[in-house]
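Peer 1: Sharing a structure with you now.
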Amino acid sequence: MTSDSRFDQQEFNDRLRTRTVGVRNEVIAGPVSDWTTDFSHAEPEWAADPYPIQDDLRQRCPIAHTERFGGAWLPTRYEDIAAIAYDTDRFSSRAIVVSNVRPPLELAPVGGVPPISSDPPFHHDARKLLLPAFTKSAVAHLEPETREFCHSLIDGLAGQDVVDAAHDYAQHIPTRVIARMLGFPPEDGPHFREFVESALEGVNLPPEERIPRMEKLFGYLLAQIRDHVDNPRDDLTTYLINAELYGSKLEPGHVAGTMSLLLIAGIDTTWSAIGASLWHLARTPADRERLVADPSLLPAAMEEFLRAYAPVTMARLVKEDMRWNGVDMKADDWVLLSFPAANRDPAQFDQAGEVVIDREVNRHAAFGLGIHRCVGSHLARMELRVALEVWLERFPNFSLADPAAVRWATGQVRGPRTLPLRIDRP
Amino acid sequence: MKVKIDPERCQGHGRCYDLAPGLFHDDEEGYGQVTGDGVVPPGEEHTARLAVSNCPERAIDIL
Ligand code: HEM
Ligand code: SF4
Numbered sequence: 001m002t003s004d005s006r007f008d009q010q011e012f013n014d015r016l017r018t019r020t021v022g023v024r025n026e027v028i029a030g031p032v033s034d035w036t037t038d039f040s041h042a043e044p045e046w047a048a049d050p051y052p053i054q055d056d057l058r059q060r061c062p063i064a065h066t067e068r069f070g071g072a073w074l075p076t077r078y079e080d081i082a083a084i085a086y087d088t089d090r091f092s093s094r095a096i097v098v099s100n101v102r103p104p105l106e107l108a109p110v111g112g113v114p115p116i117s118s119d120p121p122f123h124h125d126a127r128k129l130l131l132p133a134f135t136k137s138a139v140a141h142l143e144p145e146t147r148e149f150c151h152s153l154i155d156g157l158a159g160q161d162v163v164d165a166a167h168d169y170a171q172h173i174p175t176r177v178i179a180r181m182l183g184f185p186p187e188d189g190p191h192f193r194e195f196v197e198s199a200l201e202g203v204n205l206p207p208e209e210r211i212p213r214m215e216k217l218f219g220y221l222l223a224q225i226r227d228h229v230d231n232p233r234d235d236l237t238t239y240l241i242n243a244e245l246y247g248s249k250l251e252p253g254h255v256a257g258t259m260s261l262l263l264i265a266g267i268d269t270t271w272s273a274i275g276a277s278l279w280h281l282a283r284t285p286a287d288r289e290r291l292v293a294d295p296s297l298l299p300a301a302m303e304e305f306l307r308a309y310a311p312v313t314m315a316r317l318v319k320e321d322m323r324w325n326g327v328d329m330k331a332d333d334w335v336l337l338s339f340p341a342a343n344r345d346p347a348q349f350d351q352a353g354e355v356v357i358d359r360e361v362n363r364h365a366a367f368g369l370g371i372h373r374c375v376g377s378h379l380a381r382m383e384l385r386v387a388l389e390v391w392l393e394r395f396p397n398f399s400l401a402d403p404a405a406v407r408w409a410t411g412q413v414r415g416p417r418t419l420p421l422r423i424d425r426p
Numbered sequence: 001m002k003v004k005i006d007p008e009r010c011q012g013h014g015r016c017y018d019l020a021p022g023l024f025h026d027d028e029e030g031y032g033q034v035t036g037d038g039v040v041p042p043g044e045e046h047t048a049r050l051a052v053s054n055c056p057e058r059a060i061d062i063l
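What follows is the structure in structure tokens.
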């Protein structure tokens with residue numbers, strides 16, 4: 001029997017149920033007819049290569065629209081994307097993953113997964129709870145263990161000429177690190193991948209299929225929480241169970257919501273960044289050779305990979321009907337906040353479409369802009385750097401084994417999910 | 001030359017203390033802080049400019 005009544009099964013499930021209701025719209029899927037009026041980030045064409053589409057839209061129709069998802073906008077200029085990220089008065093974070101359900105208004109300003117789903121003023125306080133655990137110096141403690149783990153993954157690939165760098169390397173690194181920070185059993189990793197896919201991919205699946213998947217995730221989290229209530233330990237789960245805001249312990253949905261955010265935001269994103277960097281190096285021997293010869297270039301190169309292959313697109317909901325930069329936005333329209341498109345705007349970056357691994361001026365927005373700046377950015381940078389250092393040290397020579405077999409994730413987090421690389425051993 | 005961080009704009013991206021650790025450090029929440037009085041020692045001007053030109057929030061000013 002768990003002593004903390006916030007996490008009694010029945011009570012917790014009842015509260016959870018309220019968050020799965022919302023306003024549904026008709027699902028429209030299938031090939032895009034015109035990217036300016038019918039765009040979709042959930043189709044294979046976008047997943048395979050969104051950059052030419054974004055570049056074309058930026059010139060022809062810088063705020064594109066679609067009737068899909070019940071109505072959504074896609075700005076592609078840095079300036080517009082930054083303006084929306086900073087304008088928390090008119091754009092809400094009540095939902096940040098576009099789907100065919102708009103969560104109920106009453107969910108604001110907390111949202112289902114604070115602080116990413118929160119609006120001011122609540123957002124600030126929910127975010128503040130997390131910041132100390134994610135500073136550069138706090139995450140530095142995890143570096144030796146992360147490095148050792150990367151080496152053990154490479155050891156496991158011994159004897160193979162072709163390896164799947166996304167599936168057998170990149171994926172496992174953030175999974176292991178976040179499980180460690182939350183205090184979850186390391187062998188549960190494969191479940192996390194399933195949770196991530198159900199939260200971020202398949203946004204056009206019917207709610208009848210999506211809801212049970214979310215319930216599975218929250219069922220897992222509740223079991224972990226109850227175990228931590230009974231056996232407190234030095235990790236983020238125990239920290240969140242005991243944390244207080246405004247003089248009382250957090251709402252149970254806040255504890256579980258933040259845990260699910262850390263799990264999902266921590267894994268897919270970093271996995272994508274590591275994979276996309278390796279994909280670039282596999283097909284660009286000149287950059288690979290330069291980095292192998294001079295590892296001190298890695299920090300600058302990493303920022304350039306984050307700019308050019310930014311994995312994360314967020315979303316906002318329009319608060320009220322308004323005319324905004326030449327278009328008529330309606331209350332509850334989605335707005336995709338494409339940091340990848342912002343990062344390739346030639347008005348903001350020289351040689352925006354090219355990867356320049358020693359770029360000196362690089363104000364990229366891969367980790368967002370404004371109050372929601374990625375809490376995990378220092379952790380992600382540590383993981384990405386260590387993952388690339390170890391890979392390049394162990395496998396200085398590699399190339400794409402089968403370019404046609406590379407598969408990219410569909411949806412708002414984009415990175416390679418299948419990445420066969422040929423390893424040339426000396 | 002002197003550097004200054006606008007705390008209203010800074011969101012703790014940490015590019016400043018990554019690129020110019022002699023001039024900036026983080027506080028316990030990861031926000032950027034100028035070390036000492038912010039006067040850039042001779043020879044560090046380039047590093048200072050590098051931090052300015054990589055801050056995504058344009059929160060650093062050179063005075
Ligand atoms: C390369 C890897 C990553 C990228 C590109 C990335 C990107 C982003 C972006 C763009 C946002 C802004 C969201 C918005 O404006 O609505 C964000 C927020 C967030 N990220 Fe990350 N992320 C990464 C890794 C991580 C990791 C490893 C964690 C933690 C385990 C994490 C935790 C968070 C949290 C908690 C927020 C919400 C912050 C807030 O709303 O105040 N992220 N991330
Ligand atoms: S780079 Fe800019 S936003 Fe980041 S910590 Fe430094 S001053 Fe703040």
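In order, the protein sequences belong to chains A and B. Per UniProt numbering, residue 1 is the first one in the first sequence, and the count goes up by one each step. Per UniProt numbering, residue 1 is the first one in the second sequence, and the count goes up by one each step. Don't be surprised by glycine CBs; every beta carbon is placed ideally from N, CA and C. Just so we're clear, the structure is a prediction, and the values are computed from it rather than from any experiment.
1. Give me the chain B residues within the contact set of R77 of chain A, using Cβ-Cβ distance strictly less than 7 angstroms, ordered along the chain.
2. Return the residue from the list A:R417, A:V355, A:P52 that minimises the CA-CA distance to A166 of chain A.
3. Report buried or exposed for Y246 of chain A, applying the criterion of at least 16 other Cβ atoms within 10 angstroms of its Cβ.
4. Which residues in the same chain as F12 of chain A place their Cβ atom closer than 6 angstroms to its Cβ, once the five residues preceding and following it in sequence are excluded?
5. Closer than 7 angstroms: is that where the CB of F367 of chain A sits relative to any heavy atom of the ligand SF4?
6. Kindly identify the DSSP beta-bridge partner or partners of E244 of chain A.
7. What residue from A:D4, A:A282, A:W271, A:P295 has the CA that sits closest to L306 of chain A's CA?
8. Scan the segment 112-145 of chain A for residues whose Cβ lies nearer than 8 angstroms to a Cβ of chain B and list them as they occur along the chain.
9. Taking the continuous alpha helix (DSSP H) assigned at L74 of chain A, which residues delimit it?
10. Taking Cβ-Cβ distances below 8 angstroms as the criterion, which residues of the segment 348-378 of chain A are in contact with chain B?
11. Straight-line CA distance for V3 of chain B to P103 of chain A?
12. Would you say V327 of chain A and W73 of chain A are within 8 angstroms of each other, going by their C-beta atoms?
13. Of the residues A:V413, A:F195, A:I178, A:L400, which one's Cα is nearest the Cα of L419 of chain A?
14. At what residues does the alpha helix (DSSP H) containing R323 of chain A begin and finish?
15. Across the segment 1-21 of chain B and the segment 40-56 of chain B, are there enough close Cβ pairs to call them in contact, namely three or more that are closer than 8 angstroms?
16. Spell out whether any CB of chain A is found under 8 angstroms from the CB atom of Q11 of chain B.
17. Say yes only if the C-beta of Y246 of chain A is nearer than 7 angstroms to one or more non-hydrogen atoms of the ligand SF4, and no if none qualify.
18. Taking the beta strand (DSSP E) that T37 of chain A belongs to, which residues open and close that run?
19. Give the range of the beta strand (DSSP E) segment to which K4 of chain B is assigned.
20. Just how far apart, CA to CA, sit P295 of chain A and G376 of chain A?
21. Grouping DSSP H, G and I as helix and E and B as strand, with all else coil, what is P120 of chain A?
22. Please name the residues in the segment 34-58 of chain B whose beta-carbon is closer than 8 angstroms to at least one beta-carbon of chain A, in chain order.
23. Going by DSSP, which residues form a beta bridge with M314 of chain A?
24. In chain order, what residues of the same chain have a beta carbon less than 6 angstroms from the beta carbon of A308 of chain A, not counting five sequence neighbours either side?
25. Taking the alpha carbon of Y169 of chain A as the reference point, which residue from A:S99, A:P285, A:I274, A:Y220 has its own alpha carbon closest?
26. Less than 7 angstroms between C-beta atoms, sequence neighbours within five positions excluded: which residues of the same chain meet that for D402 of chain A?
27. At a cut-off of 7 angstroms, is P311 of chain A close to the ligand HEM when judged by its beta-carbon and the heavy atoms of the ligand?
28. Taking the alpha-carbon positions, what's the E26 of chain A to D89 of chain A distance?
29. Against G14 of chain B, what residues of chain A qualify as contacts under a CB-to-CB distance less than 9 angstroms, listed in chain order?
30. Quick one: residues in its chain with C-beta nearer than 8 angstroms to the C-beta of A83 of chain A, no 5 flanking neighbours on either side, listed in chain order?
31. For the ligand HEM, is there any heavy atom lying closer than 7 angstroms to the beta carbon of V97 of chain A?
32. At a CB-CB cut-off below 9 angstroms, which residues of chain A make contact with D26 of chain B?
33. For the structure I just gave you, are there three or more beta carbon pairs, one from the segment 17-27 of chain B and one from the segment 331-343 of chain A, closer than 8 angstroms?
34. Which residues in the same chain have their Cβ closer than 6 angstroms to the Cβ of D61 of chain B, if we skip the five residues on either side of it in sequence?
35. Would you say the beta carbon of Y86 of chain A comes nearer than 7 angstroms to a heavy atom of the ligand SF4?
Peer 2: Looking at the atomic coordinates:
1. By one-based count along the first sequence, residue 77 of chain A stands at place 77. Simply none; closest approach about 16 angstroms.
2. The residue you call residue 166 of chain A lines up with position 166 of the first sequence. Residue A:R417 is the option with its Cα nearest to A166 of chain A.
3. Translated into the one-based positions of the first sequence, residue 246 of chain A becomes position 246. Label assigned to Y246 of chain A: exposed.
4. Position 12 of the first sequence, counting from 1, holds the residue named residue 12 of chain A. Same-chain partners within the cutoff: L222, P252.
5. Position 367 of the first sequence, counted from the start, is the residue given in the question as residue 367 of chain A. False, no ligand heavy atom lies under 7 angstroms from that Cβ.
6. Looking up residue 244 of chain A in the first sequence gives position 244. DSSP output for E244 of chain A lists A:K249 as bridge partner(s).
7. Walking along the first sequence from the start, residue 306 of chain A turns up at place 306. Cα-wise, what sits closest to L306 of chain A is A:W271.
8. K128, L131, P132, F134, T135, K136, S137
9. In the first sequence, counting from the first residue as 1, residue 74 of chain A sits at position 74. Careful: L74 of chain A lies outside any alpha helix (DSSP H), inside the beta strand (DSSP E) at 72-75.
10. E360, V361, N362, R363, H364, A365, F367, L369, G370, I371, R373, S377, H378
11. Your numbering for residue 3 of chain B matches position 3 in the second sequence. Your numbering for residue 103 of chain A matches position 103 in the first sequence. Taking the straight line from one Cα to the other gives about 44 angstroms.
12. Locating residue 327 of chain A in the first sequence gives position 327, counting from the first residue. Locating residue 73 of chain A in the first sequence gives position 73, counting from the first residue. Yes, the Cβ-Cβ distance between V327 of chain A and W73 of chain A is below 8 angstroms.
13. Counting from one through the first sequence, the residue named residue 419 of chain A turns up at place 419. When only C-alpha atoms are compared, the closest one is A:L400.
14. One-based indexing of the first sequence puts residue 323 of chain A at position 323. That residue, R323 of chain A, is in no alpha helix (DSSP H); its beta strand (DSSP E) goes 322-324.
15. yes
16. As a first step, residue 11 of chain B is located in the second sequence; it is residue number 11 there, counting from the start. Yes, Q11 of chain B lies at the interface with chain A (some Cβ there is under 8 angstroms from its Cβ).
17. Within the first sequence, residue 246 of chain A is the residue found at index 246, counting from 1. The answer is no for Y246 of chain A.
18. Here residue 37 of chain A refers to the residue found at position 37 when the first sequence is read from its first residue. T37 of chain A -> no beta strand (DSSP E), and no H or E assigned at all.
19. Taking the second sequence and counting its residues from 1, the one referred to as residue 4 of chain B is at position 4. Where K4 of chain B is concerned, the enclosing beta strand (DSSP E) stretches over 3-5.
20. Position 295 of the first sequence, counted from the first residue, corresponds to residue 295 of chain A. Position 376 of the first sequence, counted from the first residue, corresponds to residue 376 of chain A. So the two alpha carbons sit approximately 24 angstroms from each other.
21. To locate residue 120 of chain A, count along the first sequence from 1; it is residue 120. In this structure, P120 of chain A counts as coil in the three-state DSSP scheme.
22. L50, S53, N54, C55, P56, E57, R58
23. As a working mapping, residue 314 of chain A is identified with position 314 in the first sequence. M314 of chain A pairs with A:L337.
24. As a first step, residue 308 of chain A is located in the first sequence; it is residue number 308 there, counting from the start. Cβ within range, chain order: V355.
25. In the first sequence, counting from the first residue as 1, residue 169 of chain A sits at position 169. Taking only the C-alpha atoms, the option nearest Y169 of chain A is A:I274.
26. Along the first sequence, read from residue 1 onward, the residue named residue 402 of chain A stands at position 402. The residues are P420.
27. Within the first sequence, residue 311 of chain A is the residue found at index 311, counting from 1. At least one heavy atom of the ligand HEM is nearer than 7 angstroms to the Cβ of P311 of chain A, so yes.
28. As a first step, residue 26 of chain A is located in the first sequence; it is residue number 26 there, counting from the start. As a first step, residue 89 of chain A is located in the first sequence; it is residue number 89 there, counting from the start. Answer to the nearest angstrom: the Cα atoms are 28 angstroms apart.
29. As a first step, residue 14 of chain B is located in the second sequence; it is residue number 14 there, counting from the start. Under the 9 angstroms cutoff, chain A gives T135, K136, S377, H378, R381.
30. The count along the first sequence starts at 1 and reaches residue 83 of chain A at position 83. So the list reads N325, once near-sequence residues are dropped.
31. Stepping through the first sequence from its first residue, residue 97 of chain A is reached at position 97. Not so, every heavy atom of the ligand HEM lies at least 7 angstroms from the Cβ.
32. Here residue 26 of chain B corresponds to residue number 26 of the second sequence, with the count starting at 1. Under the 9 angstroms cutoff, chain A gives T135, K136, S137, H378.
33. no
34. Walking along the second sequence from the start, residue 61 of chain B turns up at place 61. Only K4 meet the Cβ criterion.
35. What you label residue 86 of chain A is simply residue 86 of the first sequence in a count that begins at 1. The answer is no for Y86 of chain A.
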